[in-house]
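I have placed the structure first, in the form of structure tokens, so that the comments after it can refer back to it.
In my numbering, the protein residues as written are 12 to 438.
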């Protein structure tokens, strides 16, 4: 069932109204006090950084301005910064206190979308990672807590699978856990622990034979017809797939197409999504048959490649329970339906690799102005959205600090991660 859009947070809502708090005290309120004062103290600088990134949107693997802005900021905060880390626009900022201890991993995203800029709020995601790292650093110094922070600047979430590439290159190997967050529409002052959809990206190419479209069309094999037929095949297939699955694609315009030449080449790009990786794989095989059938019908040959497979988010239960406890006692509400539940992210692959958490946080949006719309681009730069970003950053930092100070809690996070793998393999 889809969330009730009538309860979505709108810009003209009363921002001061908050849900009642849960009774009881949070873990280590002395640590949370440092976290809150540190992040609040950095609010102005973080907002300036967020707006700077928002004003300079860059597409996947082109995040040069963001790379330089984030690394410069982290250097001012006392972190050891490595630029161009494993990928040209990736970076890493680390801080170590004492000897030994656990390793807290955090992600900051950077890229924007073609034509509509930061319409997924990556400027907010980026400063959230910075806020968590700075809040944790301050708490470690204040209370003499051993451990290490690794803040990873991750490029190309939008279609480039930057985190998957970094994972393959070992960027996450040292982390005990990894944290990040993501803005989306939702109820006022809520943090979401929903999952997302697993995703396969498909690249399709049809090869045919040119001919004069009027003089001798029978000599041709029409690659554009093959692509059109494949599109129609999938449109029909959609009637027989589960309502929780998604299949969507585009034609990629041929540079040498002309009205009087039968096209001998066409290209398409498609996504297949489903609630779990296993379900997505099943629907993927049905979609591939649609491509193959179009090739047979038109006499063309077809090349199908799946360069990327993205897992659904496996929210770690121990980490999720802790962020829920802090949120309910200090900040707002928890939900399990909003967030990016019907979208996808390359962070899903990280949650398959180590204990991780990726909560959504609600920001006010206009009707039909959710993620990947120009209206969301506007929403991602408002002061109210900035404040919501700082709230989830505080809650995430509290989770991270519990990992660094509570061995039993980290053990529980690792246990629930292993239990999740067993459950996944038994499906």
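Glycine is no exception: its CB is placed at the ideal position from the N, C-alpha and C atoms.
Just list the residues that DSSP pairs residue i with in beta bridges.
i	result
residue 93	103
residue 172	DSSP lists no partner for residue 172.
residue 192	DSSP output for residue 192 lists no bridge partner at all.
residue 162	104 and 117
residue 202	345 and 372
residue 367	189
residue 211	283 and 320
residue 216	278 and 314
residue 223	272
residue 124	128
Would you verify that the beta carbon of residue i is, or is not, closer than 9 Å to some beta carbon of chain C?
i	result
residue 197	Absent here is chain C; the protein component of the structure consists of one chain.
Please report how far the alpha carbon of residue i lies from the alpha carbon of residue j, in whole angstroms.
i	j	result
residue 12	residue 207	Low confidence applies here, because residue 12 scores a pLDDT of 44, under 50, leaving its location unreliable; read the following figure in that light. In a straight line, the C-alpha of residue 12 is about 14 Å away from that of residue 207.
residue 53	residue 142	8 Å
residue 210	residue 299	15 Å
residue 74	residue 96	13 Å
residue 388	residue 228	47 Å
residue 370	residue 345	10 Å
residue 251	residue 290	14 Å
residue 102	residue 234	42 Å
residue 423	residue 71	36 Å
residue 110	residue 85	22 Å
residue 192	residue 283	24 Å
residue 179	residue 364	10 Å
residue 218	residue 293	26 Å
residue 169	residue 65	15 Å
residue 404	residue 116	14 Å
residue 382	residue 132	8 Å
residue 181	residue 163	12 Å
residue 267	residue 58	46 Å
residue 315	residue 261	15 Å
residue 419	residue 112	13 Å
residue 120	residue 190	12 Å
residue 36	residue 253	43 Å
residue 396	residue 329	27 Å
residue 273	residue 236	9 Å
residue 342	residue 184	32 Å
residue 76	residue 34	45 Å
residue 263	residue 202	38 Å
residue 87	residue 60	13 Å
residue 67	residue 384	17 Å
residue 421	residue 186	12 Å
Would you mind sorting residue i into buried or exposed? The rule is 16 or more other CB atoms within 10 Å of its CB.
i	result
residue 296	exposed
residue 100	buried
residue 19	buried
residue 312	exposed
residue 247	exposed
residue 394	exposed
residue 231	buried
residue 55	exposed
residue 25	exposed
residue 27	exposed
residue 200	buried
residue 408	buried
residue 69	buried
residue 91	exposed
residue 32	exposed
residue 324	buried
residue 427	buried
residue 429	exposed
residue 357	buried
residue 6	Lying before the first or after the last residue shown, residue 6 is absent from the chain, which here runs from 12 to 438.
residue 359	buried
residue 118	buried
residue 17	exposed
Would the segment 322–336 count as touching the segment 224–236 if we require 3 or more Cβ pairs under 8 Å?
no
Extract the residue ranges of the alpha helix (DSSP H) inside the segment 375–433, only unbroken runs of 4 or more that lie entirely within it.
385–390 and 394–416
Within the chosen definition, does the segment 156–168 reach the segment 408–420 through at least 3 CB pairs nearer than 8 Å?
yes
Mind the definition here: the segment 163–181 touches the segment 340–352 only if three or more C-beta pairs lie below 8 Å; say whether that holds.
no
Given 8 Å, three or more beta-carbon pairs between the segment 188–197 and the segment 144–155
no
Which runs of the alpha helix (DSSP H), 4 residues or longer, sit entirely within the segment 229–283?
234–248
I'd like to know if the segment 100–110 and the segment 45–59 are in contact, where contact means that at least 3 CB-CB pairs between them fall below 8 Å.
no
Would the segment 293–308 count as touching the segment 376–387 if we require 3 or more Cβ pairs under 8 Å?
no
Please list the segments of the alpha helix (DSSP H) lying wholly inside the segment 283–322, counting only runs of 4 or more residues, in order along the chain.
288–309
Should the segment 78–98 be regarded as contacting the segment 127–145, the criterion being three or more beta carbon pairs within less than 8 Å?
yes
Would you call the segment 314–321 and the segment 235–252 in contact, with 3 or more CB pairs under 8 Å?
no
Could you tell me whether the segment 25–43 touches the segment 119–133, using the rule of 3 or more Cβ pairs below 8 Å?
no
In chain order, each alpha helix (DSSP H) run of at least 4 residues that lies wholly inside the segment 54–91
54–65 and 75–87
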